[in-house]
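Structure, as structure tokens:
4 protein chains.
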Amino acid sequence: MAVQGQQAPKDNLGFDNRTERNRKRTINHDGSFNVRRRNYFFREFHLYRWAITCQWKTYWLVVLIIYVAANFIFASLYYLIGPENIVGINGDQASQFWQCYFFSLQTFTTVGYGGLHPRGLLANSLAGFEAFLGLMTFALATGALYGRFSKPEARIRYSPNALIAPFQGGKALMCMMCNDMNSNLAEVMAKINYSWVETDETGNPVRRFQPLKLEYEKVNMLALSWTIVHPITEESPLWGMSETDFERKEAEFLVMISAYDDTFAQTVYSRNSYVANEIVHNAKFRRPFYVDEHGYTVLDVKNLGEYDLLSA
Amino acid sequence: MAVQGQQAPKDNLGFDNRTERNRKRTINHDGSFNVRRRNYFFREFHLYRWAITCQWKTYWLVVLIIYVAANFIFASLYYLIGPENIVGINGDQASQFWQCYFFSLQTFTTVGYGGLHPRGLLANSLAGFEAFLGLMTFALATGALYGRFSKPEARIRYSPNALIAPFQGGKALMCMMCNDMNSNLAEVMAKINYSWVETDETGNPVRRFQPLKLEYEKVNMLALSWTIVHPITEESPLWGMSETDFERKEAEFLVMISAYDDTFAQTVYSRNSYVANEIVHNAKFRRPFYVDEHGYTVLDVKNLGEYDLLSA
Amino acid sequence: MAVQGQQAPKDNLGFDNRTERNRKRTINHDGSFNVRRRNYFFREFHLYRWAITCQWKTYWLVVLIIYVAANFIFASLYYLIGPENIVGINGDQASQFWQCYFFSLQTFTTVGYGGLHPRGLLANSLAGFEAFLGLMTFALATGALYGRFSKPEARIRYSPNALIAPFQGGKALMCMMCNDMNSNLAEVMAKINYSWVETDETGNPVRRFQPLKLEYEKVNMLALSWTIVHPITEESPLWGMSETDFERKEAEFLVMISAYDDTFAQTVYSRNSYVANEIVHNAKFRRPFYVDEHGYTVLDVKNLGEYDLLSA
Amino acid sequence: MAVQGQQAPKDNLGFDNRTERNRKRTINHDGSFNVRRRNYFFREFHLYRWAITCQWKTYWLVVLIIYVAANFIFASLYYLIGPENIVGINGDQASQFWQCYFFSLQTFTTVGYGGLHPRGLLANSLAGFEAFLGLMTFALATGALYGRFSKPEARIRYSPNALIAPFQGGKALMCMMCNDMNSNLAEVMAKINYSWVETDETGNPVRRFQPLKLEYEKVNMLALSWTIVHPITEESPLWGMSETDFERKEAEFLVMISAYDDTFAQTVYSRNSYVANEIVHNAKFRRPFYVDEHGYTVLDVKNLGEYDLLSA
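Protein chains in written order, with our numbering: chain A, 4 to 315; chain B, 4 to 315; chain C, 4 to 315; chain D, 4 to 315.
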């Protein structure tokens with residue numbers, strides 16, 4: 004997405020390179036984008052997407068509301084047909100309505116105690132339809148419940164800071180990650196995109212994006228932690244940049260991880276970003292693991308991203 | 004699939020290059036093909052495919068018909084066995100049949116109020132079998148319902164027109180797309196195939212296909228919109244083509260998008276096509292996004308594909 | 004997997020190249036291998052695999068046997084506890100056992116009419132456990148049922164014959180395929196492996212395998228039919244082979260197709276093979292499609308693979 | 004991950020190359036890593052992951068405990084509301100509690116015989132809520148049950164030993180694998196990583212990792228067995244290593260297999276490793292298959308990995 008681009012990188016971010024200066028960070032720490040949409044109204048709504056991604060309290064609230072409302076509707080229908088068509092109903096009118104409601108509950112869930120049961124064509128047909136609808140409705144509610152429960156998810160822990168650290172006689176941009184679940188990750192791939200602000204031909208600030216070359220782009224399996232390394236060679240856009248250059252250019256580094264998770268038997272994705280003030284210059288990561296007395300390698304996730312400042 | 008083809012593109016469309024002149028567009032705007040099949044009869048029918056892809060009204064109609072029909076069959080069997088084997092049945096013959104039907108409903112849905120219940124070997128066995136079949140049948144119906152509900156789907160919005168726009172001192176074919184859902188798309192890949200009609204050795208019109216080289220074939224994440232660009236260089240089959248050439252050759256551009264959608268945790272596909280009269284020459288897309296007063300980038304999807312005509 | 008192999012193909016078939024002469028075809032027309040296994044006993048059995056792939060009649064038989072057997076076991080337990088603990092049981096001993104059985108049916112399916120219902124600690128606890136087990140058992144049975152129903156499946160139709168046909172001034176091995184379902188196939192990839200018998204250093208016949216170079220290895224979408232073409236150039240192992248050479252060498256061509264099916268939202272696989280007597284020399288495929296009076300392209304699948312013999 | 008690394012392999016294992024000497028094998032024969040984690044507490048726990056991967060006895064124990072506990076809670080609530088609100092309850096206080104429990108069982112499983120059924124607003128509402136919760140809870144329990152049942156799984160059988168065997172005039176490291184299920188594996192890919200201990204600049208022992216080049220990295224289909232071969236050429240890190248070198252360097256070979264399994268319609272993964280004392284020098288694998296009298300190739304899995312020592 005670089006400009007004028009001989010050897011333009013064949014890989015970019017879907018941010019148009021003419022993006023106006025974006026004063027916010029591009030990717031939040033939870034992986035979401037700092038983008039808002041207009042004129043979306045109902046178009047963007049996708050029921051399944053919503054059911055799978057909304058908050059738990061929203062999910063339960065909506066499911067319970069639907070459950071109660073559906074039963075109210077059917078209770079009203081039974082009441083309209085006439086409570087005398089439900090064997091076992093007695094008492095005054097209010098009580099009769101509630102007994103219609105309870106009969107509906109027992110039908111919708113197919114629990115069907117039978118203390119109340121339908122009599123005659125209409126009540127029986129309605130009850131048969133309600134049982135059908137109850138089975139269908141619960142299929143959606145429980146399907147979404149299990150979908151939420153089993154949703155593939157990457158819990159990648161990133162070092163809080165990226166470092167500019169010594170590397171093979173020169174320097175490199177480094178960040179560290181580990182798996183924050185005890186699942187096995189295979190075919191773990193990392194990408195880092197560098198984003199900065201510069202002035203375009205018309206004198207307006209423009210945010211640009213460019214992928215960075217990594218020492219390794221892939222690890223076959225992630226057993227411990229992985230230090231993702233971009234060596235700052237002469238080809239690197241970071242070559243010769245001072246600490247203040249990072250601030251001035253509003254540098255942001257977008258880290259993207261994909262991995263095959265054997266629990267979900269699927270590829271999972273994770274994103275993170277580091278802005279200028281999260282870059283530590285001239286420092287070195289501490290090792291987050293050690294070998295214990297029994298010969299086991301122990302990964303101490305709380306230590307992930309601890310570093311030592313180096314004297315200049 | 005180009006002809007005589009040294010450097011034949013290693014990538015094509017499954018349309019045989021000898022396809023006779025196709026007077027209709029090859030791909031409709033909804034992504035379906037303009038192809039009909041013969042001698043398919045029952046071979047091509049796949050129950051699951053049908054259950055997942057048929058219209059909602061068809062789905063509900065068929066499910067309800069099966070539900071009612073299955074209960075009629077079981078009602079008839081209970082009636083044949085003898086309504087006296089269902090405890091609680093009374094009244095005349097017609098009424099007895101209906102009560103058999105209601106007993107069947109209550110068994111098939113496993114609601115089993117018990118106001119009606121079976122007596123004796125035959126009625127009990129049949130009821131046991133019906134409950135079994137009911138559970139199995141509802142498993143298929145609810146499975147298909149949830150399958151429809153959770154079906155992976157790409158809602159890509161395309162610009163209504165493709166443009167021939169200025170690009171890096173020359174020209175390029177451009178179209179624009181964005182995600183029309185608020186899901187996150189990663190690893191978004193685009194392909195454009197150019198299709199045109201020419202005259203073959205025997206003097207017959209032949210439709211040919213050739214993939215076009217894109218500036219970028221992939222964006223890592225689609226946060227905003229993406230302008231897909233085919234630079235019209237000397238290597239391009241569009242090099243030197245005038246506006247009337249597009250019409251005369253019945254040019255059609257097939258756009259194919261694939262992307263990983265993190266809601267469905269799957270790769271989703273989308274297709275679109277532009278025919279000659281949907282190509283606007285010498286124009287430039289307007290940016291469909293802006294930065295608002297809070298520093299957020301705002302994507303206005305209604306504006307996607309708006310363009311300015313350039314003076315020659 | 005070719006021998007001595009400078010430029011050994013980096014791609015093979017998992018058949019060891021030292022395979023002894025295999026008198027049967029390697030792949031049957033239904034895609035299964037002509038390989039048998041020994042010392043597999045119970046190791047190779049995988050319950051889910053079996054439940055998904057066994058024949059329908061086997062599936063239903065096993066599910067019904069489990070259903071009946073489970074109910075017999077529970078009926079016996081209720082009978083042992085004492086039929087007097089099931090309210091509503093009466094009659095002689097045989098009848099009492101059958102009523103225990105019916106009570107079990109009504110509990111296992113959770114239909115629970117209530118004409119029969121448990122009394123006392125033991126009968127109630129057992130009924131509670133049976134209802135639990137019934138729900139679990141039906142979850143497996145209905146899960147497998149839906150798994151069978153929704154199993155991803157490629158229905159690729161292959162031409163009955165492969166041809167040696169004229170191609171670009173020379174010759175090519177060609178076979179034809181189309182989708183035999185009305186689903187959309189994208190990213191369709193083909194591979195052909197040539198397999199033949201020759202004599203090794205020790206004078207024993209050995210079956211060898213080698214992948215063939217294809218004109219196109221991939222079509223982006225399969226709208227009509229696809230003619231898979233291996234040009235017989237000087238580099239081809241088929242170069243200079245006469246018709247009798249195909250017989251003598253027991254030539255077999257293994258065709259492997261993979262494609263993304265948008266119904267299943269998954270990649271599906273298909274295999275086929277052509278042995279020497281299924282190769283037609285000096286012939287040309289007829290086009291299996293035509294444009295009808297309304298401008299639609301019509302694919303006539305019955306014609307797929309029809310060919311014209313060419314005069315030498 | 005090799006050192007000083009010009010031409011560093013673009014592919015590694017996620018073990019940091021500065022890993023301290025690991026006295027245990029890196030990968031156990033069951034594919035798990037010899038790594039422990041600290042400070043994980045509740046963070047690493049993922050309910051779905053646990054439900055899918057825990058042992059069967061744990062799964063059943065936890066599901067039954069939840070089932071019993073949920074019913075105790077509801078039984079207590081019904082008892083608090085007053086047993087007189089459940090029609091059919093009689094006897095002394097203890098007996099009444101148990102009858103509340105049985106009513107709860109019948110509601111939670113939706114079996115609802117009706118011998119016991121609720122009366123009044125509170126009991127009916129609670130029963131309606133319990134039936135709802137029961138359906139939801141069973142959806143999770145049965146979903147996890149089916150998830151465990153249908154979990155994609157590779158059953159790859161590896162030869163117990165890796166061999167240093169003659170190969171094309173030189174030597175090669177070889178191991179053998181086959182599919183231990185009768186499913187079809189396609190697109191089978193293998194990787195071998197060599198891991199050894201050496202002394203770093205500071206004199207400390209360091210474990211290093213390097214991928215090995217394979218003769219073939221992929222077989223299109225796995226019909227029989229596959230011998231994975233790393234030719235020990237001058238470029239190989241094993242070049243010139245004696246048998247004692249393998250011991251001294253604590254050599255370990257990590258084998259990783261991925262394959263598309265058509266039962267699960269998914270890619271499955273398998274890992275294994277060979278340590279120094281599992282390497283047999285100067286030996287040759289026996290063929291694990293033969294052609295029987297009917298012309299079928301028979302794979303004898305028990306023989307997989309049998310070898311003949313060669314005289315020097």
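The C-beta atom is built at its ideal place from N, Cα and C for all residues, glycine as well.
Residue i classed as buried or exposed, judged by whether at least 16 other C-beta atoms fall within 10 angstroms
i, result
"B:V304", "buried"
"C:T247", "exposed"
"A:F141", "buried"
"D:S162", "buried"
"B:I159", "buried"
"C:H120", "buried"
"C:T270", "buried"
"A:P86", "buried"
"B:G8", "Interpretation of B:G8 is limited by its pLDDT of 28, a score under 50 that renders its predicted location unreliable; no figure is taken from the coordinates."
"A:T61", "exposed"
"D:S326", "Limits of chain D in this structure are 4 at one end and 315 at the other, which puts residue 326 of chain D out of reach."
"B:H297", "exposed"
"A:G243", "exposed"
Option nearest residue i by Cα separation, candidates the options
i, options, result
"A:G94", "D:G123, D:A73, D:L307, D:F105", "D:G123"
"D:V210", "D:F292, D:E218, D:W199, D:S239", "The sequence shown places Arg at residue 210 of chain D, rather than the Val named in the question. Closest by alpha carbon: D:W199."
"B:A168", "B:V90, B:I76, B:L241", "B:L241"
"D:L313", "D:T300, D:A72, D:E296, D:F288", "D:F288"
"C:H49", "D:N285, D:Q171, D:A78, D:R151", "D:R151"
"C:I84", "C:T205, C:R41, C:C103", "C:C103"
"C:R41", "D:V232, D:M184, D:Q213", "D:M184"
"B:I235", "B:L215, B:Y219, B:A157", "B:L215"
"B:Y51", "C:N31, C:G137, C:K154", "C:K154"
"A:T202", "A:L138, A:R251, A:N187, A:Y116", "A:R251"
"D:N285", "D:M139, D:A165, D:L64", "D:A165"
"B:Y219", "B:S245, B:S239, B:K194, B:G243", "B:K194"
"D:L138", "A:L129, A:G131, A:L108, A:F132", "A:L108"
"D:I68", "D:T230, D:S186, D:A144, D:V258", "D:A144"
"A:D228", "A:Y197, A:A78, A:L302", "Note that residue 228 of chain A is Ser in the sequence shown here, rather than Asp. Selected option, being the one with the closest Cα: A:L302."
"B:W63", "A:G146, A:N223, A:F132", "A:F132"
Test item: CB-CB of residue i and residue j under 8 Å
i, j, result
"C:V114", "B:T266", "no"
"C:N74", "C:A126", "no"
"C:Y310", "C:A189", "no"
"B:C181", "B:V258", "no"
"A:T110", "A:A97", "no"
"A:E255", "A:R28", "yes"
Interface residues of chain D facing residue i [CB-CB closer than 7 Å]
i, result
"A:V114", "T110, T113, G115, A134"
Where residue i meets chain B, residues with beta-carbon distance less than 9 Å
i, result
"A:V197", "Rather than Val, the amino acid found at residue 197 of chain A in this sequence is Tyr. None at all; the shortest Cβ gap to chain B is about 13 Å."
Chain-ordered chain C contacts of residue i [CB-CB under 8 Å]
i, result
"D:M139", "Residues of chain C passing the Cβ test: none, with the nearest at roughly 13 Å."
Chain-ordered chain D contacts of residue i [CB-CB under 8 Å]
i, result
"C:M259", "A189, N223, M224"
Partners in chain A for residue i, counting only beta-carbon separations shorter than 8 Å
i, result
"B:W101", "L124, N127"
Contact list for residue i against chain B, beta-carbon separation under 8 Å
i, result
"A:C50", "Strictly speaking, residue 50 of chain A in this sequence is Leu, with Cys absent from that position. Chain B residues near A:L50: F152."
Under 9 Å from the C-beta of residue i: neighbouring residues of chain C
i, result
"B:K216", "Here the premise fails: no neighbours, minimum Cβ distance about 15 Å."
Neighbour list for residue i in chain B, Cβ cutoff strictly below 7 Å
i, result
"A:T56", "T266"
Please go through the segment 41-82 of chain B and give each complete alpha helix (DSSP H) segment of 4 or more residues, from N-terminal end onward. 50-56
Could you pull out every unbroken beta strand (DSSP E) segment of at least 3 residues lying fully inside the segment 262-304 of chain C, listed in chain order? 269-278, 282-284, 286-288, 292-294, 300-303
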